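Numbering (numbering that gives the first Met the number 0), first residue to last: 0 to 108. Idealized CB from N, CA, C, for every residue including glycine. No experiment lies behind these values; they were computed from the predicted model shown.
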Amino acid sequence: MWVPPTGPSKLHLEIEYGERKTRCFHSFIGHKFEAVDKDSGEVVGRLTIEYTLVLGFGESPPSDNPGNRNFEAEVKRDLHVEWRKQGKVSRTFSPLGFKKGKLPLDVFA
Numbered sequence: 000m001w002v003p004p005t006g007p008s009k010l011h012l013e014i015e016y017g018e019r020k021t022r023c024f025h026s027f028i029g030h031k032f033e034a035v036d037k038d039s040g041e042v043v044g045r046l047t048i049e050y051t052l053v054l055g056f057g058e059s060p061p062s063d064n065p066g067n068r069n070f071e072a073e074v075k076r077d078l079h080v081e082w083r084k085q086g087k088v089s090r091t092f093s094p095l096g097f098k099k100g101k102l103p104l105d106v107f108a
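What follows is the structure in C-alpha cells.
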C-alpha cells in the first residue's frame, strides 16, 4: 500500500510468493509504503524510500543444504572441464582473413 501524505492508503501492487512473481516499481525519495497481509489485514512491513534498494518480505524458503555438497569435488571437476575447453579453441576467419575490406552498403542504411 502506498501511504500518501494525506488521505487513506492506496493499493500500489499485490505481492505474491515466489521469485518468478517478483515485482519491481519506481518511486521517489520520501514515499512511504506498507506491506499488508491480504488475509489478516496485518501490517507486516513499513518502508520509507531513502535510496535505491531491493527488499523482500516474508520468510525465505529453505535453500540448498551445503552439507550435502562436496565443494572440493565440484571445484576439481570444473577445473578439468575448463582445461579441456581451452585445448579446443579454434579460430575462424572471413575469406579476407585479417585484411581490411569494404563494409556492405546496408550497414550504414
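Here K37 is not near T47, since their CB atoms are 8 angstroms or more apart. As far as DSSP is concerned, A72 takes part in no beta bridge. It is roughly 18 angstroms from the alpha-carbon of K75 to the alpha-carbon of G66.
In the three-state DSSP reduction, R22 falls in the coil class, being neither helix nor strand.
Of the candidates N69, L104, G40, R68, the residue whose Cα lies closest to the Cα of L10 is G40.
If you draw a straight line from the Cα of Y16 to the Cα of V42, it comes to about 16 angstroms. The DSSP-derived three-state label of V53 is coil.
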